[in-house]
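Here the structure is laid out as structure tokens; the discussion comes afterwards.
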Amino acid sequence: KQEVTQIPAALSVPEGENLVLNCSFTDSAIYNLQWFRQDPGKGLTSLLLIQSSQREQTSGRLNASLDKSSGRSTLYIAASQPGDSATYLCAVGRGTSYGKLTFGQGTILTVHP
Amino acid sequence: NAGVTQTPKFRVLKTGQSMTLLCAQDMNHEYMYWYRQDPGMGLRLIHYSVGEGTTAKGEVPDGYNVSRLKKQNFLLGLESAAPSQTSVYFCASSPDTAGRSYEQYFGPGTRLTVT
Numbered sequence: 005k006q007e008v009t010q011i012p013a014a015l016s017v018p019e020g021e022n023l024v025l026n027c028s029f030t031d032s033a034i035y036n037l038q039w040f041r042q043d044p045g046k047g048l049t050s051l052l053l054i055q056s057s058q059r060e061q062t063s064g065r066l067n068a069s070l071d072k073s074s075g076r077s078t079l080y081i082a083a084s085q086p087g088d089s090a091t092y093l094c095a096v097g098r099g100t101s102y103g104k105l106t107f108g109q110g111t112i113l114t115v116h117p
Numbered sequence: 002n003a004g005v006t007q008t009p010k011f012r013v014l015k016t017g018q019s020m021t022l023l024c025a026q027d028m029n030h031e032y033m034y035w036y037r038q039d040p041g042m043g044l045r046l047i048h049y050s051v052g053e054g055t056t057a058k059g060e061v062p063d064g065y066n067v068s069r070l071k072k073q074n075f076l077l078g079l080e081s082a083a084p085s086q087t088s089v090y091f092c093a094s095s096p097d098t099a100g101r102s103y104e105q106y107f108g109p110g111t112r113l114t115v116t
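Sequence lines, in order, name chains A and B.
Throughout the first sequence, residue numbering follows this note's numbering, covering 5 to 117 in sequence.
Throughout the second sequence, residue numbering follows this note's numbering, covering 2 to 116 in sequence.
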């Protein structure tokens with residue numbers, strides 16, 4: 005059974021810092037990996053999706069990498085801003101299963117001015 | 002383009018009552034999913050659908066039923082609500098693209114409390 009772990013559970017940083025969020029998964033036979041952002045009381049917003057054949061994806065100040073062999077993904081946020089404060093969720097898609105995702109429990113990020 | 006919408010946003014039920022949660026998407030997506038989110042448990046898949054008229058069980062299907070009579074709608078039903086079904090419910094949809102990315106788009110959620 006696939007298990008997804010996110011470390012740290014919570015992170016507090018001053019504005020302007022570069023930071024890394026970690027996601028690890030136990031079964032390397034994944035189809036894709038998706039990073040989401042969730043604001044309090046809101047739904048999930050897709051940030052980046054990495055297919056199993058890719059090593060990284062970039063969007064603005066965000067960069068996500070994937071290392072299937074070691075079962076790890078990282079989300080790098082450059083020059084953090086208070087508006088980046090949210091919960092970040094990692095989800096792993098299983099192969100040949102119509103996109104079913106297994107989620108980690110998230111990292112709560114607080115960026116203070 | 003509203004994306005994925007969910008109704009209602011909030012609901013309080015008494016044990017044993019029934020209700021239906023509605024998910025609608027206007028993106029012509031083939032796949033739709035229902036998740037529940039609980040503290041300490043993360044998001045877990047309840048049921049999903051790979052097309053109009055089809056449904057399948059996810060990780061935690063017990064106590065729930067679903068229907069997808071129209072491509073744009075995915076209904077989640079609770080026949081006899083229990084306190085253990087107190088949760089936030091999210092619907093998501095995903096397109097069937099040539100690249101089969103299965104990127105999922107989420108609705109805003111329904112907060113359900115069962116007393």
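Where a beta carbon is used, it is the ideal one built from N, C-alpha and C, also for glycine.
Handout entry: Length of the line joining the Cα atoms of B:Gly54 and B:Pro109
Key = 24 Å
Practice task
Please compile the residues from chain B whose C-beta is within a distance smaller than 9 Å of the C-beta of A:Ser50.
Solution key: Glu104, Gln105, Tyr106 and Phe107
Handout entry: Of the residues B:Thr116, B:Tyr106, B:Gly43 and B:Ser102, the one placed nearest B:Cys24, counting alpha carbons only
Key = Nearest neighbour of B:Cys24 by Cα position, chosen from B:Thr116, B:Tyr106, B:Gly43 and B:Ser102, turns out to be B:Tyr106.
Handout entry: Below-7 Å beta-carbon distance, B:Gly110 vs any chain A residue
Key = yes
Problem - Cut-off 6 Å between Cβ atoms - residues of its own chain near A:Ser32, not counting five sequence neighbours on either side - result: Lys72 and Gly75
Problem - Strand pairing of B:Ser50, partner residues [DSSP] - result: B:Met33
Handout entry: Short-range partners of chain B found in the region 103-117 of chain A, where Cβ spacing is below 9 Å
Key = Gly103, Lys104, Leu105, Thr106, Phe107, Gly108, Gln109 and Gly110
Handout entry: First through last residue of the beta strand (DSSP E) which encompasses A:Glu60
Key = Going by DSSP, A:Glu60 is part of the beta strand (DSSP E) stretching over Glu60 to Ser63.
Practice task
Tell whether a beta-carbon distance below 7 Å holds between A:Thr114 and A:Ser89.
Solution key: yes
Exercise for the section: Rounded to whole angstroms, what's the CA-CA distance from A:Gln85 to B:Ser19? Just pull it up for me. Expected result: 44 Å
Practice task
Answer yes or no: does any C-beta atom of chain A fall closer than 7 Å to that of B:Leu77?
Solution key: no
Problem - Of the listed residues B:Gly64, B:Ser88, B:Gln38 and B:Cys92, nearest to B:Arg12 (C-alpha basis) - result: B:Ser88
Problem - Bounding residues of the beta strand (DSSP E) (the contiguous stretch that carries B:Tyr103) - result: Annotation: B:Tyr103 is outside any beta strand (DSSP E) and is labelled neither H nor E by DSSP.
Practice task
Compare the C-beta of A:Gly20 against all C-beta atoms of chain B and say whether one is closer than 7 Å.
Solution key: Nearest CB-CB separation between A:Gly20 and chain B: not below the 7 Å threshold.
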